Each structure stands twice: as C-alpha cells, then as structure tokens.
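This report refers to the structure that appears directly beneath it.
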Amino acid sequence: MRNTYKKLSMIGLALVVISLASCKKLLEQEPKNSTYLEVYWKSAKDARNAIAGNYALLRNACTNKENRYYMYGDAIAKNYFTIQYTGDGLEGIQNGDFTFQYNLNSLANYTLYYKTIAMSNIVIANVTKMTNDQLKDVEDPQTFKNGIIGQALFIRALSYFMMVRVWGDVPLVTTAYDDPITAPQLPRTNKIAIMKQIEDDCHNAAKMLSWSYDNAGDAKVTANRGSVYALLAHLYLWRATMADVSTDVANLVDVNSADTTINTLIARGGYTQTDTTNYSSTFIGRSPEGIFELNMSENTLEGSSSSIGTRFLNTSYISYYNNTPRFYVVPRYLTDQYGSGTVTDIRYRKNFDLVTPDKPLCVKYSNVIYRNPGQKLDAYLSNNMIIFRLSDLKLLKAEIALYKGDAPTATNIINEFRTKYDPVPKKVAAGLSVSAVMDEYIKERGKEMFLEGHLFYDLLRTRRYGNIVDWLPVERFRREGFYWPVDPALFRENPNLKQTTYWLGKV
C-alpha cells in the first residue's frame, strides 16, 4: 500500500466523513449525506485511500486526549510515573478516581474507537463487493482485496481489544450502516462475546494476510499476519485470567493457545530483537523487532508535538520548554526495578535521564525534529507508537510458563533478558517458587515495557497490581473496579446503554 501514511486524498477524506456518521445513535453523530458511495469503490486507489483513513482514525483514537493509549495502560498505575500537572483532572486517575468531569467527557468516552470500527465495517462491506474489473489496475485482484479486508479486520479487532480492556462490556457493531438514521441503539455486549469477536476477526484476518509485505514502505506500520498473531496472543492471555476475576487460576486452554500463537509468530515472522548498540532505534520505529506500530514519523510529516514523550521532556531536549516537565518518573520505580547504586542495565541508561533525583525524566521517546531548525522551533517527536514488538512476545513466554507451573523455564527467559541488556546482570536465582518468579517477571516487564501501554494490564493479568497500584485493593478488583465508567453523554441518545457496574451511583 504505497504512500499509506501520506495525506488522504479528498475522496478518502470524504469516506472518513461517512465513517464518522455510520453509527449515529451510538456515537451521537449528525447524519451525513452518503452519496459519496455512488462514486466511490470504483478502483484500487479508492480501497487504498479507505484503509489509509482507517489507520488514521485508529491513530487518532490512541493519541487523542493526552495520548489515551498510555493513560489507560500506564498512567493509572501511578507508581510507574506521575502526572505533575494538576487542573484538568488527569491527576485523579492516578488515585483510581475516574469521575473527574474532564475524564468522564474524554477518557470515559469511546466514540473515537467506534469511528475507527465504523470505518473498518465500511471497508469490509464495500471492498468485498468490488469486482475484478474495478481492480484491473492491480496484478492480482483477489489478493489485493484480501489484503485490504484483512487489515480492516485487524484494525476492528485491535480497536475492540483496546476497549474490552478499558470498559469490559461494550456495544458490538460489525455492520456497515450507509444511512446513519438506520443505525440501531445498541446495548453493551458481554465482554466474553466481544473477545470471541476479536478472536474470530483475527482468525479471518490471518487467512487473508501474509507474513511479508509487497511494499517495503508498508512494513511495521500496516498489519500483516505477524500483527494478527501478536494481537491474538495478547487476547488469549487477557482472556485466560480476566474473563473471570473471581478466581486467580488461569484458563489453560487460552494459555496454551497463546503459547502456540507466539511460537508460530517467532518461527514464521522473521523478527529479531534489536541489538543493544541500536537499542534506542526500537522506539524511533521500524526496527527489526517491530511487529505493529502506528506511524508517527517526521519522514512523512506525521510526527507529534503532543506525544506522550514530550510530556517527560524539559529544556535539555526541547529548547523552548522549561525545566519542569509535565510528567516525571517515580523514583520508587527506578529503585524497585533496577536497585540502588551503580546500574549497568542499558534500559536504565538509555530510557531515563536523572535530571533531578526526585523527578527523573523518561527519554525513551525523544527523537526531536525541529520543523524550524534554524531557530529550534516547532519541535516534533519522530517516534512511532509501538503497539507490538518481538521482545514483548518473547517475554510473555515466561508468563505462559508460570501459568503452567514451570518456574525454571520462566526463570531462564527472564535471565536471558537481563543478560542481554546488562553486562553485570542480577539474575533470578534457580529454585524459586512460581509466585516468587512471577514477582521477578513483573519487574522485568516493568523494565522492558515501560511506557508502551502494557504495564497496567500486565499487573491485572498476573494479579500483581497490589504491589504497584495502591488504589486497587482486592475487593475493588473482584468487583471489576479497574474498568472505566462510560461518559454520561453517550446515554442521551441511547437508552439501551448501562453504566459500568462498579460506577453505578458514583457517576
């Protein structure tokens, strides 16, 4: 898909407008005229523009509202990093209070995800109907169609996966509504059914996508079969322990499915871990271990001036910033993960800047490009948003081993990571219990996956949230009090919606 992340053409933008209107009653969109459909879906270019719009909507859903992908996955586990700025309510989420008005109207609102899903539904429905004659400008029309539909299925599955971890039960929409007036008022669907839909979409997408890319420019930033397998592995592990939070026993059927999926990905995907010499390049993007990323590169003028990375930077990194960043790393995190004294782990040395002892910076995302380099103005970060990468999946193999009661295998995997990154590694001792190795595993996840949108979910899955998230006692966890409320604004046009159970009477 050549030039996927360049500006959409006008006709592509028109299709995005249609997608924003496709589920009006659910999302409170104004009805739009759908006459574009009469002139659209006539060529491969139309299909390419449409899937490009789909990726653009996904990126917007993840980056909107203070980079919500990281707010959900990292910020609410407050002992990893702290939101220093106060005044808009973001600080509330770090104390487990999701009821601040700003948070309700932004982070508790899932509209942007449904815009992405609506676009996927439109792409799937219309590309399916395109004829070989309409696709005569591509070499293999069926393969081309499969590629577009497979990517749309993946984007839909990923959007639902992001939502099921945040809200649990959410409305399920898999139909494309050309006329927004006909869009139904949908209730929330049980999370088990949502996860089954994600699984089905992934299986169908995997059949349509290949492991490789026809165009090198599409690598990493568009979905292939590896992207699908990475999502499936995460889905299986989430379902294994989070489908029923009344128990701490993992469902071994899902655990084994995750294991098989990761093994296939590692064997077939062609991914390799980035060598330590080029460690920082992993987070610029398109590294050998990247599996799926959202393009935010200044090479295509799609860098970000409001990336999560900028929130941790000060004047040492962006000339016109002041000395105090908006977010900073909790010193306890560095001590808990790396210990005290001289630290030799490359992740410590490359990812953090100890500007002051009490407010360390995270510089994992600090590839600053000035659009006005002469005066050092208009700073943009050219760091892709890394959704899945090989090290993440390889480390999950340790979690799988622990669910199976295999502490020695998990210990070896953790020690492989520590040896890779640290010339003087603090290895996990042999002979520890499964519980003790799980503690070491979650520490290693904390080092490897810091500020990548995974850590809070890791803590929930492994039941290690009590070590880090002081606002989440066991009683609240059992009541699914980690899920977010739904923005009350979404109820105005849809009486079939119900508030998240834990938040009934609180919002």
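Each residue of the sequence shown is one higher than the one before, starting from 29 at the first, in this note's numbering.
Note that the Cβ used here is the ideal one computed from N, Cα and C, for glycine as well.
In this text the structure is predicted, and so the values were computed from the model without any measurement.
Put Phe478 into one of helix, strand or coil per three-state DSSP. It is coil, neither helix nor strand.
Can you tell me where the alpha helix (DSSP H) with Phe445 in it begins and where it stops? Ala435 to Tyr449
> Among residues of its own chain, excluding the 5 on either side of Leu55, which ones have a beta-carbon nearer than 6 Å to its beta-carbon?
Replying inline: With a pLDDT of 35 at Leu55, under the threshold of 50, the modelled position of that residue is not reliable, and the figure given next carries that caveat. Around Leu55: Thr139 and Tyr142.
### Query
Where do the N-terminal and C-terminal ends of the alpha helix (DSSP H) with Arg96 fall, by residue?
Element bounds for Arg96: Ala72 to Tyr98.
**Study point:** DSSP-derived helix/strand/coil call for Asp206
**Key:** coil
Leu237 and Phe182 - do their beta-carbons sit closer together than 9 Å?
It is a contact, given that the beta carbons lie within the stated cut-off.
Using the DSSP secondary-structure output, state which residues sit across from Asp364 in a beta bridge. Partner residues in a beta bridge of Asp364, as assigned by DSSP, do not exist.
Tell me which residues share the same chain as Leu36 and place their Cβ nearer than 8 Å to its Cβ, disregarding the 5 neighbours each side in the sequence. Residue placement at Leu36 cannot be trusted, given a pLDDT of 32 that sits under 50; what the coordinates show is reported in the next sentence. The residues are Val44, Asn77, Ala80, Gly81 and Ala84.
Can you tell me whether Ala261 is buried or exposed? The criterion is at least 16 other CB atoms within 10 Å of its CB, across all chains shown. buried
| message | Three or more C-beta pairs under 8 Å: does that hold for the region 91-111 against the region 329-338? | response | yes
message: Need the endpoints of the beta strand (DSSP E) that Ile397 sits in, please.
response: Val396 to Asn400
Exercise for the section: Could you tell me how far apart the beta carbons of Gln162 and Lys70 are, in whole angstroms, since I believe they sit closer than 8 Å? Expected result: 6 Å between Cβ atoms; contact.
Residue from Glu330, Asp373 and Phe380 whose Cα sits closest to the Cα of Leu341: Phe380
| Does the beta-carbon of Glu167 have 16 or more other beta-carbons within 10 angstroms, so that it is buried, or is it exposed? | exposed
What is the DSSP secondary structure of Asp242, reduced to helix, strand or coil? coil
- Does DSSP classify Ser582 as helix, strand or coil? Summary: the structure shown does not reach residue 582, with the chain confined to residues 29 through 535, and so no result is reported for it.
Self-check item: Residues bridged to Cys390 [DSSP beta-bridge criterion]
Solution: Phe380
Element boundaries [beta strand (DSSP E), containing Gly318]: Gly318 to Leu322
The alpha helix (DSSP H) that contains Phe172, what's its start and end? Boundaries of the alpha helix (DSSP H) harbouring Phe172: Pro169 to Trp195, taken from the DSSP string.
- Item | Residues that DSSP places opposite Ile414 in a beta bridge | Glu321
message = Between Thr91, Thr275 and Thr384, which has its C-alpha nearest Ser134's C-alpha?
response = Thr91
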